[in-house]
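The opening position of the sequence shown corresponds to residue 1 in full-length UniProt numbering, with each subsequent residue numbered one higher. Here a beta-carbon is modelled for each residue, glycine too, at the ideal position from N, C-alpha and C. Reviewing the structure listed below.
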Amino acid sequence: MTHSPVVKNYHPDILVQEAINGWRIVRLNRPKSLHALDESIVTALLEVFQDFHHDDQVKAIWLDSTTPKAFCAGGDVRKLRQLVINSEVAAANKFFEQEYALDLLLHNYAKPVLVWGEGYVMGGGLGLFMAAPFRMVTPYSRLAMPEINIGLYPDVGATRFLADRGAIGLFTGLTGSIMTAAGAYSIGWATHICDAHRDKVLDKLINIDWGHYPAGDFRAIDDTLNSLHRPVGPGPLQNSLDVIQSVCRGVNFEHDYESIIGLRDARSDWLRQASENLQKGSPATAALTWLLWQWGKQIHSWNEVFELETQISDWKIRHADFVEGVRARLVDKDLAPEWTKGTDLSLKGILSANPPVTTIESWNQLLKQYGVIA
């Protein structure tokens, strides 16, 4: 199956190709870092999708990566950490601004975008994935928002897409638990599970006869993907739903925090891992994640979500836990972060010394409601 490269050269780590029937193929090509995103890549992707939005020749876009091991394992947090250490916080914030602009564009996109989420789909990769209307996973997909491990927080729109999933979203955000294809499909993170080879799925899609579908292009793609969808048996998430509902009440932070950590003796490996992730994770990340989930349960537009996340990210990368968390997991790899934490593991105890106040009044009201600020 041959596709021709588009004339414009966007970025050395992105392949952009033209296929038949108005299709365009966009591939992340940074395999050594599992296609991690940095500012130059998200800026280039933003340009690609803006160009295609305005190009009448483009009907639909397929987004994937060049290797089955990962679609995208997230943002390049090592690079972000170095910027913070070098006192180049403005440059780090520019990454978030461009990344969120890309996610926002995709959430509001008028043309069909399909993401092939094979392998790792995490952090910033999951943000891209969740912004597309068609989200395919395979039996080898592994999805997560694992920011609890590095002292960041679930961003890229997770403030809303975790809250939209109720207790499961809260649990996933607090524990960074990895979801299989079955779990991702069961909570609507994925729209289709495909066990066929990527090229076979792509071939079927680019050969859609648009003329057969008077109901439009989205319907044509949905019908085609439905014919390729293959359900799989329940995964660890579905087997743990009762437990998740009982430990994540979303009423009291300390209750949820202690209840999840209390799963250390659970029968399920997956639940024990969740407990360990939270217990070893950054308390500031946990507190922030819980509060953002509360805010996300109110009705907010994607514009508002990314406006808040832009301000929260600026606060969070300056918080000592981010530099320390990335050091422990990805730089020195000793897995022994020294988090900022006192003995009082309440929302107020964790955050009040340095509260994440923003210009968004509904967020500040929430901080007041939970006693983080007076």
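Check: Looking at C-beta atoms only, is the number of pairs between the stretch 78-94 and the stretch 47-54 that lie closer than 8 Å three or more?
Finding: no
Note to self: I need the boundaries of the alpha helix (DSSP H) containing A181, first residue and last residue.
What the structure shows: A181 to S186
Note to self: Alpha carbons only, please: which of L114, E18, N149 and N303 is nearest the one belonging to R219?
What the structure shows: L114
Checklist line | Three-state class that DSSP yields for P5 in the structure shown | finding: strand
Check: Of the choices Y153, F129, L45 and K69, whose alpha-carbon is the least far from that of H319?
Finding: Y153
Check: Skipping 5 residues on each side, what residues in its chain have a beta carbon closer than 8 Å to that of K59?
Finding: N21, G22, W23, K111, P112, W210 and D217
Checklist line | 7 Å Cβ shell around P31 - same chain, five flanking residues per side excluded | finding: T66 and T67
Check: Tell me which same chain residues have a C-beta within less than 6 Å of the C-beta of F306, skipping the five on either side of it?
Finding: Y100 and L104
Note to self: I need the DSSP call for M122, collapsed to helix, strand or coil.
What the structure shows: strand
Note to self: Suppose contacts are defined by Cβ-Cβ distances below 8 Å. Is A19 in contact with I208 by that definition?
What the structure shows: no
Note to self: To the nearest angstrom, how far is the alpha carbon of G169 from that of L278?
What the structure shows: 14 Å
Next item on the list: Would you kindly report the start and end of the unbroken alpha helix (DSSP H) that includes R318?
Entry: W302 to R318
Note to self: With the cut-off set at 8 Å, would you say L351 and T159 are in Cβ contact?
What the structure shows: no
Notebook entry, point to check: Quick one: is E338 buried, meaning 16 or more other Cβ sit within 10 Å of its Cβ, or exposed?
Noted result: exposed
Notebook entry, point to check: On the premise that A182 lies in contact with G235, defined as a C-beta separation below 8 Å, what is that separation, rounded to the nearest angstrom?
Noted result: 4 Å
Next item on the list: Quick one: grab the DSSP three-state call for A284.
Entry: helix
Margin query: I want to know whether the stretch 135-153 touches the stretch 177-195 - three or more CB-CB distances under 8 Å.
Written below: yes
Check: Between which two residues does the beta strand (DSSP E) carrying V201 extend?
Finding: It is not in any beta strand (DSSP E) - V201 instead sits in the alpha helix (DSSP H) that spans R198 to I206.
Note to self: Using C-beta distances below 7 Å, list every residue in its chain close to L202, excluding the 5 sequence neighbours before and after it, in chain order.
What the structure shows: W62
Next item on the list: Kindly indicate which three-state DSSP category S64 falls into: helix, strand or coil?
Entry: Contrary to the premise, residue 64 reads as Asp rather than Ser in this sequence. Looking at D64 - three-state DSSP - the assignment turns out to be strand.
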